[in-house]
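Let me begin by presenting the structure, written as structure tokens, before commenting on it.
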Amino acid sequence: MLSFSQIASDVDQWLHKVCSPTWALVFEMVIIGVSVIGLFAVLGLVLVLMERRVAAWMQIRLGPNRVGPQGLLQSLADTLKLLVKEGMTPGGSDKFLFNLAPFIAMIAAMLLMAPIAFASNFQIWNINIGVLYVSAVSSLSVIGILMAGWASNNKYSLMGAMRSGAQIVSYELSAGLSILTIVVLSGNLGLNDIVLSQKDGWWIFKGHIPAIIAFIIFMIAVTAETNRAPFDLAEAESELTAGFHTEYSGMKFALFFLAEYINVFIVCAIGATLFLGGWMPFHIGNLEGFNHVMDYIPSSIWFFGKTFFLIFLIMWFRWTFPRLRIDQLLNLEWKYLLPISMFNIILVTVVAIMKWYF
Amino acid sequence: MFEEIGTTAEGDLQINVGPQHPATHGVLHLVLTLNGETIKKVEPHLGYIHRSIEKMCESLTYRQFSYVTSRMDYLSSHINNNACALIVEKGLQVDVPERAKVIRVIIDELTRIASHELWWGAMAMDLGAFTPFFHAFRERETINEIMEETCGARLTMNYIVPGGLMMDIHPNFQKKVKSFIQLFRSKFDEYNELVTGNIIFQNRMKGVGVLSPEDAISYGCTGPAARGSGVKCDIRKLYPYEIYDKVQFDEVLETGCDSFARYMVRLKEMLESIKIIEQLIDNIPEGEFQAKTKAVLKLPKGEFYQRVETARGELGVYIVSEGGTTPYRIKYRSPGFSNLSALDHMARGSKLGDLIAMMGTLDLVIPDIDR
Numbered sequence: 077m078l079s080f081s082q083i084a085s086d087v088d089q090w091l092h093k094v095c096s097p098t099w100a101l102v103f104e105m106v107i108i109g110v111s112v113i114g115l116f117a118v119l120g121l122v123l124v125l126m127e128r129r130v131a132a133w134m135q136i137r138l139g140p141n142r143v144g145p146q147g148l149l150q151s152l153a154d155t156l157k158l159l160v161k162e163g164m165t166p167g168g169s170d171k172f173l174f175n176l177a178p179f180i181a182m183i184a185a186m187l188l189m190a191p192i193a194f195a196s197n198f199q200i201w202n203i204n205i206g207v208l209y210v211s212a213v214s215s216l217s218v219i220g221i222l223m224a225g226w227a228s229n230n231k232y233s234l235m236g237a238m239r240s241g242a243q244i245v246s247y248e249l250s251a252g253l254s255i256l257t258i259v260v261l262s263g264n265l266g267l268n269d270i271v272l273s274q275k276d277g278w279w280i281f282k283g284h285i286p287a288i289i290a291f292i293i294f295m296i297a298v299t300a301e302t303n304r305a306p307f308d309l310a311e312a313e314s315e316l317t318a319g320f321h322t323e324y325s326g327m328k329f330a331l332f333f334l335a336e337y338i339n340v341f342i343v344c345a346i347g348a349t350l351f352l353g354g355w356m357p358f359h360i361g362n363l364e365g366f367n368h369v370m371d372y373i374p375s376s377i378w379f380f381g382k383t384f385f386l387i388f389l390i391m392w393f394r395w396t397f398p399r400l401r402i403d404q405l406l407n408l409e410w411k412y413l414l415p416i417s418m419f420n421i422i423l424v425t426v427v428a429i430m431k432w433y434f
Numbered sequence: 008m009f010e011e012i013g014t015t016a017e018g019d020l021q022i023n024v025g026p027q028h029p030a031t032h033g034v035l036h037l038v039l040t041l042n043g044e045t046i047k048k049v050e051p052h053l054g055y056i057h058r059s060i061e062k063m064c065e066s067l068t069y070r071q072f073s074y075v076t077s078r079m080d081y082l083s084s085h086i087n088n089n090a091c092a093l094i095v096e097k098g099l100q101v102d103v104p105e106r107a108k109v110i111r112v113i114i115d116e117l118t119r120i121a122s123h124e125l126w127w128g129a130m131a132m133d134l135g136a137f138t139p140f141f142h143a144f145r146e147r148e149t150i151n152e153i154m155e156e157t158c159g160a161r162l163t164m165n166y167i168v169p170g171g172l173m174m175d176i177h178p179n180f181q182k183k184v185k186s187f188i189q190l191f192r193s194k195f196d197e198y199n200e201l202v203t204g205n206i207i208f209q210n211r212m213k214g215v216g217v218l219s220p221e222d223a224i225s226y227g228c229t230g231p232a233a234r235g236s237g238v239k240c241d242i243r244k245l246y247p248y249e250i251y252d253k254v255q256f257d258e259v260l261e262t263g264c265d266s267f268a269r270y271m272v273r274l275k276e277m278l279e280s281i282k283i284i285e286q287l288i289d290n291i292p293e294g295e296f297q298a299k300t301k302a303v304l305k306l307p308k309g310e311f312y313q314r315v316e317t318a319r320g321e322l323g324v325y326i327v328s329e330g331g332t333t334p335y336r337i338k339y340r341s342p343g344f345s346n347l348s349a350l351d352h353m354a355r356g357s358k359l360g361d362l363i364a365m366m367g368t369l370d371l372v373i374p375d376i377d378r
């Protein structure tokens, strides 16, 4: 059967056959780099189109349906437009930081691709502290936003950046604590190991109430961390016009835009990995026939299906809820989510020690 | 660096909201003095869309000048026209046929619903929710179609003229209005489900932008902005014009004094308007749609004042006539201007995001403020 892991090992063997191990490694890195960038571009285009179609569906309209079949080429046309647009650098801005910021946001999003298990035995970097790596690197994106806000020399940008800073730093805590719940349950930090630990059932089913609480908190926290509505205070177009990227245009704006969508994909991928079993198929206890049918669906489809389901959830939030105010946002985190997460950690530790999970 | 981007002497951040800003719904310019996110002062700068409509009206005849008023508060253009028609009729002492009066009230109330629909969508958008806007426009579109069929225009509508109506209603009018009422009633629950009941929305609105009844009166607030503070100010009840004294409806009053109270007033007002239309739509009397008037209208020498209740509050028209074919002096008392003046008082001490919500609940239409 043709699977991603098969292709990967075939390419690896072929490269080792035709050249020395050092060069094989170099070529593999180039291939990985190119495919990550390719995945980036494709994901960006797909997610933008998906968001617009989902929004249109919720808003009783059609959405883009003119460019290409079913409007599939709409985001390509948008990208072309943004590519040929002038990339303005406003006067009075810190030019170096201003131009660097979108790349930092982008790099932070790109780095997060490394430990994600896309399919069975298909992972760029099987790092044994994957969860820790993800938590650490995802905080980097705030630097890009703060930099953009400060360097723009615009009061709206500055306020957006400050809001974003406060927001991401606080919600990081809840996201981290809810991730910890699964770490406690599975006893592993590597993302692939966590997936393997869900062979006989996903953590959201196995982990009892603490896993469900953790999942809900995780979804709220990552929505806030990726600056999406109802927590899109950093952009808040009715308040701050466009927040931290008010002054950006052309491709520099597109990089922020893309980074946002890639971040959404990555947090949803991590959510799917931790709570919904990653690439693990859906199994029910001893129903051999059912489990067998489920195994026939390729693991990559399971992974992307779950991820896109979570992405749809996040889009659903965005097109339903009004925005919170900055003090309400911080109250929600520090007064409600954080105490609940901490209590949840204790609960899950008890559950794990007593072996109450399935 | 802070020196460059503008601060006050006390070190507070000064920020320009507008004249081009997504939340001001036009060219309103607010200069905010901020301490972090907290508002210390709001200073509206007006005049960006001043077209000197009052001066223009002084050189137009009594038949012509009402057309300009559709461009003042473009969301209640029929009601503006109604005010102009009423003041000319008052001066000439014309008896308007009953049929025209009933149709005028129906059209006015449809305009009010359309205006409140747009306000509802736009206000939800100010709070960051996009979807309600489209849902509101779905129903508003039906009204626009009725208006288009009735008077030919969808935005700057002119239908009510001195003496009655410009033309008779379209044969489909009653049928379409009835189907609109049905549609509106079936969709109204969605509004509450989508926005009113939302916990985030309630937290954003309750206890925010408090305007006490005394302040509402002293700032001259009218319309839903004042009724949200419990001030009785509905011109349709206080000084009934047309046939408002013959129809059954309630003046919606809320005592919350906050943004949420003003929101609820407008939401309930839509239902009251529907109630008025339901009473009248089957009872449009037969007869002339226009009174016989002279070709050239000349108001007798003197001063005339007429007030009506637009979707935003009290619109007053004041005319000084020297007996000629054009007004000697004309002055409009627009509701938006007075309502805006209360914004500074309401906003002080609250957060930037709340200011946007307050502006939303005041339902500002900038051409109405500047004229």
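Just so you know, the protein sequences line up as chains A and V, in that order. Take the first sequence: its letters are residues 77 to 434, numbered as in my numbering. Take the second sequence: its letters are residues 8 to 378, numbered as in my numbering. We treat Cβ as the ideally placed atom computed from N, Cα and C, and that holds for glycine.
- For the region 189-205 of chain V, the residues whose beta carbon sits under 7 angstroms from a beta carbon of chain A are, in order, Asn205.
- Residues of the same chain with a CB within less than 8 angstroms of the CB of Glu329(V), apart from the 5 flanking positions on each side, are Lys308 and Tyr335 in chain order.
- Between Arg269(V) and chain A, the shortest Cβ-Cβ separation is not below 7 angstroms.
- For the 7 angstroms CB-CB criterion, Leu362(V) and Ile46(V) form a contact.
- Excluding residues up to 5 positions away in sequence, Tyr247, Ser250 and Ala251 lie with their Cβ nearer than 6 angstroms to the Cβ of Ala297(A) in the same chain.
- No Cβ-Cβ contact shorter than 7 angstroms links Arg401(A) with Leu134(V).
- The C-alpha of His142(V) lies about 8 angstroms from the C-alpha of Gly128(V).
- Contact between the region 113-128 of chain V and the region 79-98 of chain V is present: three or more C-beta pairs spanning the two stretches fall below 8 angstroms.
- Ile363(V) reaches chain A at Ser314 and Glu315, counting residues in chain order whose Cβ is nearer than 8 angstroms.
- With respect to the C-alpha of Glu105(V), the residue from Glu293(V), Pro374(V) and Ser348(V) having the closest C-alpha is Glu293(V).
- Residue-level contact by beta carbon holds for Lys231(A) and chain V, with a gap shorter than 7 angstroms.
- DSSP lists His28(V) as the beta-bridge partner residues of Gly33(V).
- Ranked by how close their Cα comes to the Cα of Leu91(A), the residues Ser79(A), Met105(A) and Phe80(A) have Met105(A) in first place.
- In chain V, no part has a C-beta under 9 angstroms from the C-beta of Ile421(A); the shortest such distance is about 26 angstroms.
- If you draw a straight line from the Cα of Val109(V) to the Cα of Ile176(V), it comes to about 11 angstroms.
- Per DSSP, the continuous beta strand (DSSP E) segment holding Ala195(A) begins and ends at Ala193 to Ala195.
- About 7 angstroms separates the CB atoms of Glu301(A) and Ser214(A); that is less than 8 angstroms, so the two are in contact.
- Nearest to Met353(V) by alpha-carbon distance, out of Met212(V), Leu245(V), Ile283(V) and Ile114(V), is Met212(V).
- In the DSSP annotation of this structure, the continuous segment of the beta strand (DSSP E) that includes Gly323(V) starts and ends at Glu321 to Ser328.
- Look at Asn23(V) here: in three-state DSSP terms it is strand.
- Within chain V, Ile207 have C-beta atoms less than 7 angstroms from the C-beta of Leu400(A), given in sequence order.
- The distance from the Cβ of Tyr232(A) to that of Leu316(A) is about 5 angstroms, consistent with a contact at the 8 angstroms cut-off.
- From the listed residues Met430(A), Phe366(A) and Ala177(A), the smallest Cα separation to Ala330(A) is found for Ala177(A).
- Taking all protein chains in view, the Cβ of Leu190(V) is surrounded by fewer than 16 other Cβ atoms within 10 Å, so the residue is classified as exposed.
- With contacts defined by Cβ atoms closer than 7 angstroms, Met182(A) and Val112(A) do not form a contacting pair.
- Under the Cβ criterion of 7 angstroms, Ile22(V) is counted among the residues facing chain A.
- Close to chain V, meaning a Cβ-Cβ distance shorter than 9 angstroms, are the following residues of the region 287-316 of chain A: Ala305, Pro306, Asp308, Leu309, Ala312, Glu313, Ser314, Glu315 and Leu316.
- Of all residues in the region 390-415 of chain A, only Arg394, Trp395, Thr396, Phe397, Pro398, Arg399, Leu400, Arg401, Ile402, Asp403 and Gln404 come within less than 9 angstroms of chain V when Cβ atoms are compared, listed by chain position.
- When the Cα atoms are used, Ile429(A) and His368(A) turn out to be separated by approximately 32 angstroms.
- A distance below 7 angstroms between beta-carbons, with the five flanking residues on each side excluded, links Glu249(V) to the following residues of its chain, in chain order: Lys108, Arg111 and Val112.
- The secondary-structure analysis by DSSP pairs Val207(A) with nothing; it has no beta-bridge partner.
- Contacts with chain A at 7 angstroms (Cβ-Cβ) include Thr138(V).
- Ser240(A) and Leu334(A) have their alpha carbons spaced roughly 17 angstroms apart.
- For the pair Leu389(A) and His32(V), the Cα-to-Cα distance works out to about 31 angstroms.
- Nearest in C-alpha terms to Pro139(V), of all of Ala131(A), Pro374(A) and Pro140(A), is Ala131(A).
- The beta carbon of Phe344(V) sits no closer than 7 angstroms to any beta carbon of chain A.
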